[in-house]
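First to last, the protein sequences are chains A and B.
Anchor point for the first sequence: position 163 equals 155 in the numbering used here, and the numbering is continuous, going up by one each time.
If you count the second sequence from 1, you need to add 3 to reach the numbering used here.
Backbone N, C-alpha and C define an ideal beta-carbon position, used for all residues, glycine too.
A quick note: this is a predicted structure, and the numbers were derived from the prediction, not measured.
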Amino acid sequence: MGKEADVPQNDPPQDLAIEARGLVKRFDGTIAVDGVDISVPRGAIYGVLGPNGAGKTTTLRMLLGIIDPDAGYRRVLGTENPTEVARRIGYLPEERGLYPSMKAYEAIAFLAALRGVPLAEGRRRARRMLDEYGLGHAADRQIRQLSKGMAQQVQLIGTLIHEPDLVVLDEPFSGLDAINQGRLEQLIRGLAARGATVLFSTHVIAHAERMCDQVAIIAGGKVPFAGPVDVARDRLRPQVRLETRVRDGIWRAALPADARCDVKASGSAFWYFTLPETGVEPLLRALIEGDAGILSLSIERAGLHDAFVAIAGEAAARALEEHREEAEILAKKGRR
Amino acid sequence: MFAERMRAVWVIARRDFVAVVFSKAFIFFLLGPLFPIIIGFFAGAIGASVQHDLDRAVIGVAMPARDGDKLIMARDAMADHMTGGVPDMVVIDRLRPGEHFDARAILKKRQLAAVVTGTLDAPVLTATQGRIDDWRGMVALFAARARSSEAIAYPDVRADVVVTSAAHEHNGQVVTAQAGQLLLFLLTMLLAGMVLSNLVEEKANKIIEILAASIPMDALFMGKLFAMLAVSMVGVAVWGTGYGVMVLAGARSIPLLATPAVGWPLFLALGFLYFAMAYLLLGSMFLAIGGMANTVREVQTLSMPATMMQLIVFFLASFALARPGTWIETLSEVFPVSSPYAMLAHAAEYPAIMPHVIALAWQGLWVVIMVRGGAMLFRRTVMKSGPGRVRKRATNRTGQPA
């Protein structure tokens, strides 16, 4: 454990699967992770969102006890030594790896044995799960004989074979086509439904937005935001798109000064602005009473992408987008 | 926790053992000792043939006619009673009284090992210094026999054979000690190299991260070490059985080693224990090195100093064998890495048991230190960061570290 561990004085809440405070990791003098705080509730789907090189993998490795933090405190499934509870954790690393000469079912049984499942039981479960995943025909094939996608699924089965309480997936959607991404999303929801906690890292905001109860946004080794997705989105005021029949009137005073206006040839006008802090009701009242002639009105809550930009900055958002495009290209190449 | 750790060691050891023993490479591992034997056999046969041809030395005789004939008759009469290779003798010239013969000149022209000139009373042997040292006495003996007119009766010597002598026994035990040391060294190096390449393969396959997340790192470390130890046991059993079958089948040319001072059963048991210690010490060193390396090339570079050190240690133990009772012997027995070799030699030469108990305890302590230290270093270095390719790109883009 780190030298400067900031150990909480009180017992950590029992409903947290993971609690980390001030995690720091340096490699050759360079700070990779700089004071990361994360609290993952039990049974939640929790996303670690950030661009490549942000420190996601290093953070996950510290949480799992693969590497020790230089400073900070971590508690996983009630213990400060994650290797003690390794049997209750399933981990899919970003860089997938299996023994190429092993048969698929043997590889899964081996991964199960690592987590305490007897070999015979592991083999039995492996065959059953391979059948369930539609890979029964590949059970007796060597890993090197499988396609990349199939090998990835074998490894995923190996991650879940021992029915872990905590599932940690590092970039689980990488290299998967759209169909398999959808299946994986379903699987993750299924795990949470049976009570497991799922922590996954991703650079695809849409996955995090669709699936996660909470996210930690990580950039440059720091976590500028950690909490429910809704709270992240609420960091930004909703955006208003208003169409009025007339361009001017007393109602204009209710609009923010920086509202943008597009005048149409018909004389109507489109207004774009951030919803004032006073809320929607006073705005509506002013528009109606001022006879603005509302043709259309939409109020959109900020998306996680906008929230990410606001929280982590433009540079991080751009890196995230580039990473996503790069991953898509690699996935296509891999499928070919 | 201990039981859990041992279970993890077992899982890793079982996987590695099965993967190695059922691989094609293991067949070559088993056949490995055959290659030096086959090469040795052919090299020995060819060498013996060449030596045989070289040893068919011929001495030319250039003496007055009667003297030359008598000398050759004496040689033929005595050759059967003499051990070792008695060179052939041929008359190359029958000299007239007072005639001079240039032996030096004829040696340059003809394929002769030496030339005998002069007379039976004063023979002259012309040859290189080595040949003269070898044959001077023999030529004198033949000349004396040739001068005598009476036939010499050779008495029958009764043989009283003893099984061994103290000197012979000790020499045999030294040979046993050397053979034990050599076998220990070769096996240790072979196995440590295998465990290292096994680890590098795992790093290349990216499975190491899953292993590191699933089980304690020292369990992974020990599992790998003990798996290869078990593999070596299979190898030793196969080789031992093969050797035994050949001996039982009556292959007389197979060398039989002298009985070690502690007796064969204890020597073999100690051999196993010392091999285990030597292998665990070197293997843990190699595994720690493997933890730092990512490619085979890096492994070769990093393991070179350890390999050289092991060679020096082996030479130290071998050197100490010839210097009993000196500080070199004590050093080689105490220095942890050379101790297994030196103590195995000790077992071959001296019957005392207690030094082995102390040595094993001492080596065991160092094994624990090395395995723990190696595992700690392994843990620090094996999982250093995220994928290098991604880190580099990310750093370029965002200016942030991985």
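Give the residues of chain A in contact with residue i, contact being defined as C-beta atoms less than 7 Å apart.
i	result
residue 18(B)	102
residue 217(B)	78, 106, 107
residue 14(B)	105, 106
Rounded to whole angstroms, what's the CA-CA distance from residue i to residue j? Just pull it up for me.
i	j	result
residue 75(A)	residue 380(B)	18 Å
residue 223(A)	residue 200(A)	14 Å
residue 269(B)	residue 11(B)	32 Å
residue 95(B)	residue 110(B)	11 Å
residue 81(A)	residue 46(B)	60 Å
residue 336(B)	residue 327(B)	11 Å
residue 7(B)	residue 299(A)	45 Å
residue 341(B)	residue 366(B)	10 Å
residue 306(B)	residue 62(A)	29 Å
residue 206(A)	residue 52(A)	16 Å
residue 204(A)	residue 47(A)	19 Å
residue 163(B)	residue 93(B)	38 Å
residue 179(A)	residue 172(A)	10 Å
residue 39(B)	residue 9(B)	38 Å
residue 107(B)	residue 43(B)	39 Å
residue 36(B)	residue 302(B)	25 Å
residue 304(A)	residue 22(A)	20 Å
residue 378(B)	residue 30(B)	30 Å
residue 232(B)	residue 32(B)	14 Å
residue 261(B)	residue 208(B)	48 Å
residue 203(B)	residue 228(B)	14 Å
residue 71(A)	residue 12(A)	11 Å
residue 194(B)	residue 187(B)	11 Å
residue 213(B)	residue 89(A)	8 Å
Report the three-state DSSP secondary structure of residue i (helix, strand or coil).
i	result
residue 206(B)	helix
residue 15(A)	strand
residue 277(A)	helix
residue 155(A)	coil
residue 120(B)	strand
residue 256(A)	coil
residue 81(A)	strand
residue 97(A)	helix
residue 104(B)	coil
residue 69(A)	coil
residue 61(A)	coil
residue 166(A)	coil
residue 352(B)	helix
residue 198(A)	helix
residue 76(A)	helix
residue 158(B)	coil
residue 148(B)	helix
residue 240(A)	coil
residue 9(A)	strand
residue 138(A)	coil
Closer than 8 Å by beta-carbon distance: list the chain B residues that pair up with residue i, in chain order.
i	result
residue 92(A)	208
residue 148(A)	Near residue 148(A) there are no residues of chain B at all, since even the closest Cβ is about 12 Å away, more than 8 Å.
residue 69(A)	None at all; the shortest Cβ gap to chain B is about 14 Å.
Please list the partners that residue i has in chain B, where partner means a Cβ-to-Cβ separation under 7 Å.
i	result
residue 88(A)	209
residue 75(A)	219
residue 83(A)	213, 216
residue 56(A)	216
Could you name the residues of chain A that residue i contacts, counting a contact when the two beta carbons are closer than 9 Å?
i	result
residue 22(B)	91, 93, 94
Closer than 8 Å by beta-carbon distance: list the chain A residues that pair up with residue i, in chain order.
i	result
residue 214(B)	106
Three CB pairs or more closer than 8 Å across the region 99 to 109 of chain A and the region 136 to 156 of chain A: yes
For the pair the region 225 to 244 of chain A and the region 289 to 299 of chain A, tell me if three or more CB-CB distances fall below 8 Å. yes
Validate contact between the region 274 to 290 of chain B and the region 134 to 141 of chain B using beta carbons, cut 8 Å, 3 pairs: no
So does the region 113 to 124 of chain A actually touch the region 24 to 39 of chain B, counting three or more Cβ pairs closer than 8 Å? no
Could you say if the region 42 to 49 of chain A and the region 209 to 222 of chain A meet the contact criterion of at least three C-beta pairs nearer than 8 Å? yes
Are the region 159 to 167 of chain A and the region 78 to 93 of chain A touching, with three or more C-beta to C-beta distances below 8 Å? yes
How do the region 350 to 370 of chain B and the region 262 to 276 of chain B stand: do at least 3 beta-carbon pairs fall below 8 Å, yes or no? yes
Does the count of Cβ pairs from the region 238 to 245 of chain B and the region 305 to 325 of chain B closer than 8 Å reach three? no
Which runs of the alpha helix (DSSP H) spanning at least 4 residues fall entirely within the region 263 to 311 of chain B, listed in chain order? 267 to 295
Closer than 8 Å is the cut-off here; do at least three beta carbon pairs connect the region 123 to 132 of chain B with the region 57 to 75 of chain B? yes
Please confirm if the region 273 to 284 of chain A is in contact with the region 184 to 194 of chain A, defined as three or more CB-CB distances below 8 Å between the two stretches. no
Minimum length 4: unbroken alpha helix (DSSP H) runs contained in the region 209 to 256 of chain B: 211 to 217, 220 to 251
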